[in-house]
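Everything below concerns the one structure shown next.
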Amino acid sequence: MRNQPKNHLLMRNFYRQILWMTAVVLLSVPALAQNKLQTPTEFFGFKPGTDRQLFTYEKLIDYFKLLDENSNRLKLIKIGTSPMGKPMYVAMISNAQNITNLDKLKKINKQLALNPNLTTTQRAQMMKEGKVFIYATLSMHSSEVGPTQASPLIAYELITTKNPQIRSWLDKTVYMMVPNHNPDGMDMVVRNYLKYRGTKYEGASLPGVYNKY
13 MRNQPKNHLL MRNFYRQILW MTAVVLLSVP ALAQNKLQTP TEFFGFKPGT
63 DRQLFTYEKL IDYFKLLDEN SNRLKLIKIG TSPMGKPMYV AMISNAQNIT
113 NLDKLKKINK QLALNPNLTT TQRAQMMKEG KVFIYATLSM HSSEVGPTQA
163 SPLIAYELIT TKNPQIRSWL DKTVYMMVPN HNPDGMDMVV RNYLKYRGTK
213 YEGASLPGVY NKY
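Its first residue numbered 13, the sequence shown is counted upward by one per residue in my numbering.
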C-alpha cells in the first residue's frame, strides 16, 4: 500500500509520455507525406521541358493525383469530360488552411461576385476573410505543348517551396490550374510525335484534319 502513490505517479508519467509521442507522430504525418512527394523528374523519368521528351495526358493526371494524395496544399477536382471522353481537372493550389476551407472561400468569392445586395459591412468582412482566386487554363491549342509540360514543375514548386515570398502569395490566393485545356488534342500531338521521333518525320505537323463535330 505504501507504494501506491509512487505507482500512481509512474503510471501518470507513462501516460504523459504516450500522449506526447502520439502528438509528435500526428504532427509529423503531413511533413512525412510531403517528403514522399516525387519530383517531376523522378516521376516522368525526365525533366519536363527536356528536348525531344513529352508525356501524355494520362501520365500528367497521374502525377497530379499523386500530388493530391500526398500534399495538403493541392486539391485535384474533376470539372467535366473532354469531347472524346477524357476526364478534365482543375488543381487548386494554396496553403493548407485555405485548401481545408476551400468550400467556404468559394462561397465568399461567389457572394462578392454575384450578390449586389451585400451591405458595405458585409462586403468588407467578406473581403477580409476571402482570398483571391486566380484561374489558368494551360495549352488550349494542342500544338502549344509548353504550358502543359511545365505544369508539373509549377505545381511541385508551389506546394513544396520554402520561399517566404511565394508562401505569402499562397496565403492570400488560391491558384486554380487546369493542367491541360485540350486533352484530346494533346494526346494526338504527343503520340504522333513519339511515334515518329528519331525519324525524318519528327517535328512534322499532325497529319489530317481534326474536329470532333
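Even glycine gets a Cβ: it sits at the ideal position worked out from N, Cα and C.
Bear in mind that the values here come from a model prediction, so they are computed numbers and not experimental data.
Problem - Sequence-distant residues of the same chain with beta carbon closer than 6 Å to V102, five excluded per side - result: I89, I91, M188 and V190
Practice task
Throw me the rounded Cβ distance for the N82 and K48 pair, which I believe falls under 8 Å.
Solution key: Rounded to whole angstroms, the Cβ separation of N82 and K48 is 6 Å, and the two are in contact under 8 Å.
Practice task
Report the option in V202, S217 and L165 whose CA atom is closest to the CA atom of F76.
Solution key: L165
Practice task
Determine the burial state of N278: buried for a count of at least 16 other Cβ atoms within 10 Å of its Cβ, exposed for fewer.
Solution key: Given that the chain is displayed from residue 13 to residue 225, the structure contains no residue 278 and the question cannot be resolved.
Problem - Reduced DSSP category for F145 - H, G, I as helix; E, B as strand; rest coil - result: strand
Problem - Close-in-space but distant-in-sequence residues of the same chain around F56 (CB under 6 Å, 5 per side omitted) - result: F67.
Exercise for the section: State the CB to CB distance for the pair N192 and L72, rounded to an integer number of angstroms; the pair is presumed to be in contact (CB under 8 Å). Expected result: The C-beta distance from N192 to L72 rounds to 6 Å, short enough to fall under 8 Å.
Problem - Buried/exposed call for I111, threshold 16 Cβ in 10 Å - result: buried
Problem - 7 Å Cβ shell around N121 - same chain, five flanking residues per side excluded - result: G142 and F145
Handout entry: Beta-carbon gap between S151 and M104 smaller than 9 Å
Key = no
Handout entry: Beta bridge counterpart(s) of A103 as assigned by DSSP
Key = For A103, which the question treats as bridged, DSSP gives the partners L88 and M189.
Practice task
Find out if the Cβ-Cβ distance for the pair L206, R85 is shorter than 9 Å.
Solution key: No; because the gap between Cβ atoms is not below 9 Å, this pair is not in contact.
Practice task
Could you check if L44 is buried or exposed, using at least 16 other CB atoms within 10 Å of its CB as the buried criterion?
Solution key: At L44, the pLDDT of 43 sits below 50, so the modelled position is not reliable; the number obtained from the coordinates is stated separately. Per the 10 Å Cβ criterion, exposed.
Practice task
In angstroms with no decimal places, state the Cα-to-Cα distance between N175 and K184.
Solution key: 15 Å
Problem - Simplified DSSP assignment, three categories, for T172 - result: helix
Exercise for the section: Mind reading off the beta-carbon distance from S106 to L182? Whole number of angstroms is fine, and I expect it under 8 Å. Expected result: 5 Å
Practice task
Identify which residue in N194, K118, D80 and D63 has its Cα closest to the Cα of I50.
Solution key: For the sequence presented, residue 50 should be read as Gln rather than Ile. When each option's Cα is compared against that of Q50, the closest is D80.
Handout entry: Start-to-end residues for the alpha helix (DSSP H) that takes in Y213
Key = It is not in any alpha helix (DSSP H) - Y213 carries neither H nor E in the DSSP assignment.
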